[in-house]
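Shown next, in structure tokens, is the structure this report addresses.
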Amino acid sequence: MLTIAFLGATGGCANACLAHTLRNGHNAVALARTPSKLESQLLEQPGLTREILDKHLRIHKGDATNVDDIINTLIIAPKTEIQPCTLVTSIISGIGGAPTMSWTRPNPCDKMTMRIPSLPHIELPNPHITEDTTRTLLQALQRISTEQFGSYDKYAYAAPQLTVISGTGIGSKNGMKDVPYLFRPMYSTLLPEPHADKSNMEKVLNEEREKKETLLARGLVIVRPSFLTGDHRIVPAGEDSGYSKLRVATDESPAAAIGYLVPRQLIGEWIYEEIVNCGGERWAGQGVLLTC
Ligand SMILES: NC(=O)c1ccc[n+]([C@@H]2O[C@H](COP(=O)([O-])OP(=O)(O)OC[C@H]3O[C@@H](n4cnc5c(N)ncnc54)[C@H](OP(=O)(O)O)[C@@H]3O)[C@@H](O)[C@H]2O)c1
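In the working numbering, each number is its position in the sequence shown, counted from 1, plus 2.
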């Protein structure tokens, strides 16, 4: 039986993916700072009921910058004298900061506390949130491998698959080549802070990917949505979500999926279909661009 771990499941993309996961009868565990917020979002989703949540979902209250909270989320059953530890099969992270628009910047002169006017740009309460939580996740996996499995060889069979949501205009191979021309000035002015964070997160993941012999997570997929629209709500089963309009490409050859906007619910549906339902092997090791 698959068990999928979700980080950032009160965000639109990951919540939509979690809703599809539960609606299709899979088990899930979610780390949430405010479990009641996650529960009410899920109960708004078509096809989800209290009974389904009770049967298929465990919510762990905690913070993704806390290594113990992540460890407790990922372990389904700790090792015993007769049984090895059971871990989640796959981890899906939609962690991100709560962006606010700012028209000022810190004063470059240390002695002046007053901020100075600047071009409008996005600021995050924690400008390192995805980098920090990715480092914490890898620390958690490292500790699980030693404390629960004793050796990397034993852990390697249980290492979960990892999917993270990043963005376009970030992949070092492409620079801005995966962003439409008309959006490039807006991306450069508005998004340096969230992009620096995502870029640092990808550096952390690339360093991990280079340790081929002792990988803590297998089948890493980096999802790159274009500008996100809408919220977490998926459509009722049997109705057209617009999934057939989704364009998909990889970092190696981004041309087929360079676009402006994409709904959060479609990102969640793609991650469900390709990673949870189909296993994700086709996309392992790749950055995947998604747009409409
Ligand atoms: N906006 C865009 O156009 C765009 C484009 C491409 C990619 N992205 C990226 O795509 C990702 C998903 O975006 P989204 O809009 O679906 O989600 P989102 O609204 O950015 O949600 C972020 C999630 O991260 C959680 N979170 C933040 N800090 C946390 C912490 N310390 N511990 C635990 N959880 C924490 C939030 O939980 P709380 O509910 O507790 O706050 C929330 O569930 C984000 O990384 C975003 O930056 C955005």
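Every residue gets a Cβ at the ideal spot worked out from N, C-alpha and C, and that includes glycine.
- As DSSP reads the structure, His123 sits in a beta bridge with Ser104.
- Residue ranges of uninterrupted alpha helix (DSSP H) with 4 or more members, entirely inside the stretch 164-240 and ordered along the chain, are 186-192, 194-212.
- With a threshold of 16 other beta carbon atoms within 10 Å, Arg211 falls short and is exposed.
- For Asn74, there is no enclosing beta strand (DSSP E); the residue is found in the alpha helix (DSSP H) stretching over 69-76.
- Of the residues Ile118, Thr102, Pro101, the one whose Cα lies closest to the Cα of Asn109 is Ile118.
- In this structure, Cys15 has its CB closer than 7 Å to one or more heavy atoms of ligand 1.
- Around the Cβ of Asn17, a 10 Å sphere holds 16 or more other Cβ atoms; the residue is buried.
- As computed with DSSP, Ser147 is found in no beta bridge at all.
- Here DSSP, grouped into helix, strand and coil, assigns Arg137 to helix.
- Between the alpha carbons of Thr165 and Glu275 lies a gap of roughly 13 Å.
- Relative to ligand 1, Leu230 has its C-beta within less than 7 Å of a heavy atom.
- Taking each of Leu126, Asp233, His22 in turn and checking the Cα distance to Thr51, the smallest one comes out for His22.
- For Leu33, the enclosing beta strand (DSSP E) has its first and last residue at 29-34.
- Short note on Thr132: C-beta closer than 7 Å to some heavy atom of ligand 1.
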